[in-house]
Structure formats: structure tokens, C-alpha cells
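Data first, discussion second: the structure below is written as C-alpha cells.
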Amino acid sequence: MTPHSTGTPPSESTRNEPDRASAPVARKLLILGLDGATFTVLNPLMAEGRMPRLRAAVEAGTCGTLYSTVPPITPAAWTTCLTGRHPGSHRILDFEGYDVRTGRLRMNSTRSSEHVRNIFQILGDRGFRVGSVNVPMTYPPIPVNGFLVTGFETPGSDSDFAYPADLKKLILERWPDPTLKSKWRKKLGGGNKLFAENIAYLSNSFHQGIAMTTWLGDRYGWDVLMVVLKLVDNLQHKTWKYLDPRWSNRNPARRDMAKGCFEELDRAIGKMLDYADKHGATVLMVSDHGHGSLEGKVFPNRFLQKWGYLRLLGMPARIAARGRFLRDRMFGPKHQIAPLVDITRHVPVDLSRTRACVMHAGNAGFLYINLKGRQPGGIVEPSEYESLRNEIMERFRSQDCRVRAPSGETIELFPEVHKPEELYGCTRKEEPWLPDLILIQHETLSAVRRLNGRQILRWLSYRRLEGTHRKEGILIATGPGIAKGNSVTAGLIDCAPTVLAMLGLRVPDNMPGRVILEIFDRPPVVQRERVAEEVKTKAASPQLEQVYTQSELDQVTDRLADLGYLE
């Protein structure tokens, strides 16, 4: 079916019934994404009576833990949710990616995963009318049979953030800030007044997201509608210490403001549930990951330097590299597509003498061996590759990476060190762009690629405590066809096959997840179908160019750095 491509919605009378393979459990589906939501926070708030609509949905349906991807980070997780594919297959591991062909960094986008299809495309092909609002990793927008408003990685309202294209003008007439790009504002002496203003912005984002979704849904009609309230994640990043029982009583005023923001979230959820009920739709509420405390930062490149795998540039070369960066940032063309980024912008590494480096990091460290014949100027012989990789893996698992935390507990700084092809069930020949090792740091830490003085590990003071991601997200199902009172444990990779099966469609055999049968009153018929082998586009790298201008890239990277994703 050809995607609808004008701002004028089609008439209901001209619609054809979607092409289903079997009787559906749900005739219409609303997916409400609560980015970063965790029962660690939601359960106490429901018990306190602060989130009555969410509690009613839980009691009327089925709920449980929805495990995120490895690593549990927004771009990898939401892309897995939409495609039913693991990150090693859809090729988005992080906000940034390292391009082995050029030896440079680029920002991920929909172009990075264009070789796989998501549920919006699959459903559109079967005649379902779909809508997507503020779902992460949907920029630049792709054509769909319906409408799409891009997500958090959209540079701003000047960008082409909507499909159909003429929808942008209609949205801006109503919502000047449709992509919710603002950072958490800081100002010396801002105090509780500025904190309250930030909380008000987050609260408004929830209501705006719902208002935009219902307006677009009424305008275009829909069979499957999805909206993500992204700033639930931002709220927890910035206010975790006011929500965590260990510290929440230190500042009752801010604790109550943070909890009040969740009360506004509950009101927004209530509006969405009422809208679903009006349309007889089944509801899935999902989060891409959970949340917990961020209590320190670990610097894996310092370990690589200590062990002799990484060498730094001399001071004159560092000063020259920094000068080039400042020159380009101040005087370079702002409205042309940004060039790929050299790692020396972030780490003053001498690649002519470096065997391994963590090229990007956040909720994991992504380590690349400087392999001859793969990266430009690689120095490690292919015959040494596997033995070196094993050696570095063992180093990160050694006593060198065990420390005593402020709590007195001895912890492993990197409790998981993965070879990606083993983690994701692929081969390096199929996906040569993958990092050579993925370092999963202790859950209370973030991994930072840059070098901060000579520190290897830095614990945070109370003043600097924030929140960070956990693997345990949420799943709540309610409405027509959903069982009452069941408990469920599933993974994000199971969401796409579950959506297809509940709507009466066959599940492609390249989706390795399962259909979550426990959520249904009467489980759907699960049928698998073979799919044609995908074209291996850009096999050596998910994306060979940026999609952002320099000005846009600066906006996006500043926003991500504010949340600790890029340091």
C-alpha cells in the first residue's frame, strides 16, 4: 500500500480492511512508551496514591519486567523494540557510532538502520494506518502509511521532523517546540525556583505529547498508534536523588516537586487511556530500560593507557588538535553536512602507537582494536587480533578492575565484558563494523571515554548524584484481549513479534524474539513466515556520512552531553 503523502487525511469510507493472516486479538493498538520508566519508582508512587490511573491499568491488566537490550541505552533499545532485532543486527548500539572504514565517529539516525524494517513499515504494507509521535531514533522521518513526528534526536523545529512533510507547518502552528529539545536549565543561584521551572517544562511535555498524539490520531485515523514520553527519562536522570529513599528526605521540597511531576505523568497517561478506550484499542505501555542511581564514573581509556595499549599524543600535537577543533567549531560552515569526527576531538590518542581505544561510551564502553587493513593506519596484525582481544578482555575482568565502593562493598568495575558477535549471535564477517569488545560497567557507574586528569574512577558527591539506566524496564498491557492479573517477564526484542501476532499478522523469521502469550486472555495464533534475505547495504559500516549539519550536530551533542550520554 502506498504511504499517504499529503496533509489531507483519507476518508474513513475509502479505507480497506488491513490484510491479516488470522483473527486478531486486538483490532486497534495504542503503544505508550514511558522512556526509562521503572517499577522501582512507579510502585511506591502508586502505593502512595499519586498515580491512580496507572494503578488502575495495572490492576485491570497484566504487567511485569521488560528487559532492555545490552547495553540498555535509548537508541539501541527503541530500535530493537520497533524492529524485533538485536543491536548487532539493526546496527545501532549507541547515539554515536565508530566507522571502521574511515576511523571516525558519526551520529546514528534512521539511515543507520535502513537495511531493516520496523513495525510501522511492516504494518503499512498490510494496509494498517499507523502513527508515531516522538519515538526516539526516527529522525530523519521515513515514509509511513499514516503520520510520523520524529523523536529526541531531532535537532529542532527548523528540521524536517514530520511525515507527511506538510504536516510540519500544521504542528508548528499549535506547538512551537514539537520535538521537546530543551535541556535541563542550570543557573548559579537558580535554587528551587529554577528547579520548579524545569519540572514544569517536563510536566508540560507529557501533556503536549498526548495532545499532539490525539490531535494527529483524530486527523489521520489509525489502527496502530505509538507515542513516547521521552522526558520521563530526563526527569529521573536529573531528580533521582530526590526519589531514591536513601537521600529523598534531604530535600523534601524537591522530592515533592519530583513526585508531583509523576502525578502529572499519571494525568497524561489517563488521557491516553481514555483515548484508547474511546477507540476500543488495546494498550501496551513499555519502557526502553529502567533507571537507578548514578554514583560514579569510570574511565576505561585510562586503564588501556595504564596497561600500555593506548598512547597519547605529545603536548604540541594535543594543542594543535584542540586548536583545529575550536577553529572548526567557531568558523566552520554551520549549515553544511557535518564531517565525520576524529577521535582526537575527545581523546588525545596517538593512533600510530595505540593498539586499542574506547571510541565512544555512556551506558557501555565500545572498544576497538586498531587493526591493520580495517581502520586507516591500523597497527595490529590480523594474526594477533584474537589473542590481543582475549588479553584485553581478561585485563578488564582482573583484580585491577575490582574496587571498594563508598558503601564498603567490593565491586567489579566491568562485571560484563562481551565479544559482540557472541552476544548478538552474528559473525564478524557479517557485521565487521561491530566493536571488538563491549564493556558493561557496574550499574551504579557510567563509562566515560575522555580522560579526566589521571583519574581511573571518580565517585560522585551528593551534589552531583544523578540517575542512570538499568536493564529492568516495564511492561503493562490492558484493554480488549488482555488477561487480568497475570505477571510477565519478557524482553524488548519480544515486543515487535507480539504486536504483529496480536494484530493477526505472521511474524517474520528474522525476528528472534517470542510472542508474549502470557499477556492475552485468549492467545493469538502464532505463525512464522520466511522473509527474503536482506540486501547487505553498507556492510562494513551502518552509515558512511552524517545526516546533520554542523549546527544541528552541535545542538544534538550538547543535549546528549547534558544527560551524560556523551562525555
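If you count the sequence shown from 1, position 213 lands on 214 in this note's numbering, and the numbers rise without skipping. All C-beta atoms in this analysis are idealised placements derived from N, C-alpha and C, irrespective of residue type, glycine included. It should be emphasised that the depicted structure is a prediction, and the values quoted were computed from it without experimental measurement.
Buried/exposed call for residue i, threshold 16 Cβ in 10 Å
i: K537; result: Any reading at K537 must be qualified, since the residue scores a pLDDT of 47, below 50, and its modelled position is unreliable; no value is offered.
i: L181; result: buried
i: T355; result: buried
i: H292; result: buried
i: R105; result: buried
i: G379; result: buried
i: D20; result: exposed
i: Q576; result: The first residue shown for the chain is 2 and the last is 568, placing residue 576 beyond what the model contains.
i: N193; result: exposed
i: A541; result: Legend: pLDDT at A541 = 45, less than 50; position of this residue unreliable, value from coordinates given subsequently. So A541 counts as exposed.
i: D161; result: exposed
i: M331; result: exposed
i: I320; result: exposed
i: V532; result: exposed
i: M316; result: exposed
i: H347; result: buried
i: N17; result: exposed
i: D234; result: buried
i: W569; result: A question about residue 569 goes unanswered here, because the residues of the chain that appear run from 2 up to 568.
Limits of the unbroken beta strand (DSSP E) element including residue i
i: K298; result: 297-299
i: S388; result: Looking at the DSSP string, S388 is not in any beta strand (DSSP E); the run it does join, the alpha helix (DSSP H), is 386-397.
i: M360; result: 357-362
i: M286; result: 283-287
i: T469; result: 467-471
i: V500; result: Here V500 belongs to no beta strand (DSSP E); instead the alpha helix (DSSP H) covers 496-503.
i: L414; result: Careful: L414 lies outside any beta strand (DSSP E) and carries neither H nor E.
i: L440; result: 438-441
One or two residues paired with residue i in a DSSP bridge
i: S488; result: C64
i: L106; result: Y99, V342
i: Y369; result: C358
i: P509; result: E530
i: L149; result: S133, Y164
i: V449; result: Note: V449 sits in no beta bridge, so no partner.
i: S294; result: G468
i: F521; result: I483
i: A143; result: The residue asked about is misnamed: residue 143 is Ile in this sequence, not Ala. I143 pairs with nothing; no bridge assigned.
i: M138; result: Note: M138 sits in no beta bridge, so no partner.
i: R459; result: K298
i: M316; result: Paired residues: none, contrary to the question.
Range covered by the alpha helix (DSSP H) that runs through residue i
i: V516; result: Element bounds for V516: n/a, residue is neither H nor E.
i: T269; result: A small correction: the amino acid at residue 269 is Ala; Thr does not occupy that position in the sequence shown. 253-279 is the span of the alpha helix (DSSP H), which, as asked, contains A269.
i: E546; result: No alpha helix (DSSP H) contains E546, which DSSP labels as neither H nor E.
i: H208; result: 192-221
i: L554; result: 551-563
i: K406; result: Sequence check: residue 406 is Ala here, not Lys. A406 -> no alpha helix (DSSP H), and no H or E assigned at all.
i: H238; result: 232-244
i: I120; result: 120-126
i: E423; result: 421-425
Does the count of Cβ pairs from the stretch 313-329 and the stretch 74-92 closer than 8 Å reach three? The stretch 313-329 is not in contact with the stretch 74-92.
Length at least 4, wholly inside the stretch 22-93: the alpha helix (DSSP H) runs in chain order: You should have 40-48, 53-61, 75-84, 88-91.
Quick one: any contact between the stretch 55-74 and the stretch 112-119, if contact means 3 or more CB pairs under 8 Å? Inter-segment contact for the stretch 55-74 and the stretch 112-119 is absent: fewer than three beta-carbon pairs are separated by less than 8 Å.
Do the stretch 380-396 and the stretch 355-370 make contact, defined as three or more Cβ pairs closer than 8 Å? Touching, yes, given that three or more Cβ pairs across the two stretches are closer than 8 Å.
Under 8 Å: do the stretch 458-471 and the stretch 262-280 share three or more Cβ pairs, one atom per stretch? Of all C-beta pairs linking the stretch 458-471 to the stretch 262-280, fewer than three are shorter than 8 Å, placing the two stretches out of contact.
Taking contact to mean at least 3 C-beta pairs separated by less than 8 Å, is the stretch 247-258 in contact with the stretch 30-40? At 8 Å Cβ cutoff, the stretches do not touch.
Stretch pair the stretch 185-203 + the stretch 229-239: three plus CB contacts closer than 8 Å: Because the criterion of three Cβ pairs below 8 Å is met, the stretch 185-203 and the stretch 229-239 touch.
When the Cβ atoms of the stretch 421-432 are set against those of the stretch 85-100, are three or more pairs found closer than 8 Å? In this structure the stretch 421-432 touches the stretch 85-100; the number of beta carbon pairs closer than 8 Å is three or more.
Stretch pair the stretch 439-449 + the stretch 362-371: three plus CB contacts closer than 8 Å: At 8 Å Cβ cutoff, the stretches touch.
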